[in-house]
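*Asks:* Residue numbers (my numbering): 1 to 138. For every residue, glycine included, the Cβ atom is placed at its ideal position computed from N, Cα and C.
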Amino acid sequence: MLNTLIKLMGKKILTLKNEEVLALSTWLGGKFLHGAKSRYRTRFLKLLAPRLDEMEKTRIEMLEEIAEKDDKGKPIVIDGRYKMSEAKNKKFSEEWLKYAKEEFVIDRLPSNNKEINAIKDILLNTDDEFSDALDQRG
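1) Can you tell me whether Leu141 is helix, strand or coil according to DSSP?
2) When DSSP labels each residue in this structure, what does Thr126 get in the three-state scheme?
3) Curious, which full-length alpha helix (DSSP H) runs of at least 4 residues does the region 3–71 contain?
4) Applying the criterion that 16 or more other CB atoms from any shown protein chain within 10 Å of the CB defines a buried residue, is Leu97 buried or exposed?
5) Using alpha carbons as the reference points, say which of Lys91, Arg43, Phe44, Asp79 lies closest to Ile174.
6) Kindly list the residues whose CB is nearer than 8 Å to the CB of Leu47, restricted to its own chain and excluding five residues on each side of it in sequence; keep chain order.
7) Are Ala87 and Glu19 touching if we call contact CB-CB under 8 Å?
8) Checking the sheet assignment: what are the DSSP bridge partners for Glu103?
9) Could you tell me which residues DSSP puts in a beta bridge with Ile78?
10) Using 10 angstroms around the beta-carbon of Ala36, count the other beta-carbons present and answer buried if the total reaches 16, otherwise exposed.
11) Using the rule of at least 16 other Cβ atoms within 10 Å of the residue's Cβ for burial, across every protein chain shown, is Ile119 buried or exposed?
12) Would you tell me roughly how many angstroms separate the C-alpha atoms of Asp121 and Ser38, rounded to the nearest one?
This is the structure in structure tokens:
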């Protein structure tokens, strides 16, 4: 997947799956970078931020829809977790997995070209090994 992601960064349109947006933003956020690479990473993460916000909002909406409700119709939350049966938990997992596979498109523009190239360079020159979303594009 990493090779596919690097190839995509050379195209006019960068298409990432939601799960890749989350994995890439988490990985980039944890990198210790200096100077221009740090600035470009920050700007690239700002490109991803609206999608990350949407993903969190969607996750909460899915949980609230599927969770067990109290007598007022409000989702039951215990210790920060939505209460749901095993079947409902499975349903949430299936729905979330479908959503995680949806695509997010970033148009490569003169205004974000440097950021995308910097991220591509960071990915090409890392010694990190990737797994999960950054390795299993399907």
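*Replies:* So, from the data block:
1) Given that the chain is displayed from residue 1 to residue 138, the structure contains no residue 141 and the question cannot be resolved.
2) coil
3) 18–29, 35–66
4) exposed
5) With the chain covering only 1 through 138, there is no way to say anything about residue 174.
6) A distance below 8 Å between beta-carbons, with the five flanking residues on each side excluded, links Leu47 to the following residues of its chain, in chain order: Ile106, Asn112, Glu115.
7) In this structure, Ala87 keeps its C-beta atom at 8 Å or more from the C-beta atom of Glu19.
8) Lys17
9) Ile78 is bridged to Arg81.
10) exposed
11) buried
12) Rounded to the nearest angstrom, the two C-alpha atoms are 12 Å apart.
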